[in-house]
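Residue numbers (my numbering): 769 to 929.
Below is one structure; the comments refer to it alone.
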């Protein structure tokens with residue numbers, strides 16, 4: 769069994785820098801989606817505050833799509849051989865639904881084990897609740913139970929989460 773690790777941050781450390789302005793700062797802010805259906809695509813009054821827009825505009829957060837493609841290609845190519853196990857590590861993230869598009873694609877990949885680090889009982893409770901919003905209750909239960917679980921919660925010894 770081959771073991772590959774994807775060890776990257778969706779959320780990066782952000783340090784204040786007075787040299788940055790609104791155009792050079794890579795900080796991604798967001799508002800939750802408040803529209804549905806056709807209006808979501810047509811009413812763009814506040815689009816610059818939506819996370820997907822800011823990721824595209826500021827050029828952050830798209831490397832994961834290459835990982836997803838590579839993992840899917842390898843899963844197809846080596847389907848008859850011993851599966852390659854991929855590891856996704858998530859540090860210091862709330863797993864909020866605003867990043868659901870990224871987390872859902874990574875966590876639900878075949879042959880992938882996701883380890884989510886937490887720093888307190890309060891934080892793991894929030895992460896579990898948020899993950900239900902991202903992948904659904906049944907999927908979360910399926911992936912955290914039994915010997916074939918693919919989501920593991922692990923307490924971090926670091927206070928910096």
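Idealized CB from N, CA, C, for every residue including glycine.
These numbers were taken from a predicted model, which means no experiment stands behind them.
{"Query": "The beta strand (DSSP E) enclosing residue 815, as first and last residue numbers", "Result": "Careful: residue 815 lies outside any beta strand (DSSP E) and carries neither H nor E."}
{"Query": "Outcome for residue 899 when other beta-carbon atoms lying within 10 angstroms are tallied against a minimum of 16", "Result": "buried"}
{"Query": "Whether residue 832 touches residue 874 by CB criterion (8 Å)", "Result": "yes"}
{"Query": "Cβ pair count under 8 Å reaching 3, the region 837-857 against the region 875-895", "Result": "yes"}
{"Query": "8 Å Cβ cutoff met for residue 892 and residue 921", "Result": "yes"}
{"Query": "One or two residues paired with residue 921 in a DSSP bridge", "Result": "884"}
{"Query": "Whether residue 894 touches residue 862 by CB criterion (8 Å)", "Result": "yes"}
{"Query": "Residues near residue 816 in its chain [Cβ-Cβ closer than 8 Å; skip 5 each side]", "Result": "822 and 825"}
{"Query": "Buried versus exposed, by CB contacts within 10 Å (16 or more), residue 909", "Result": "exposed"}
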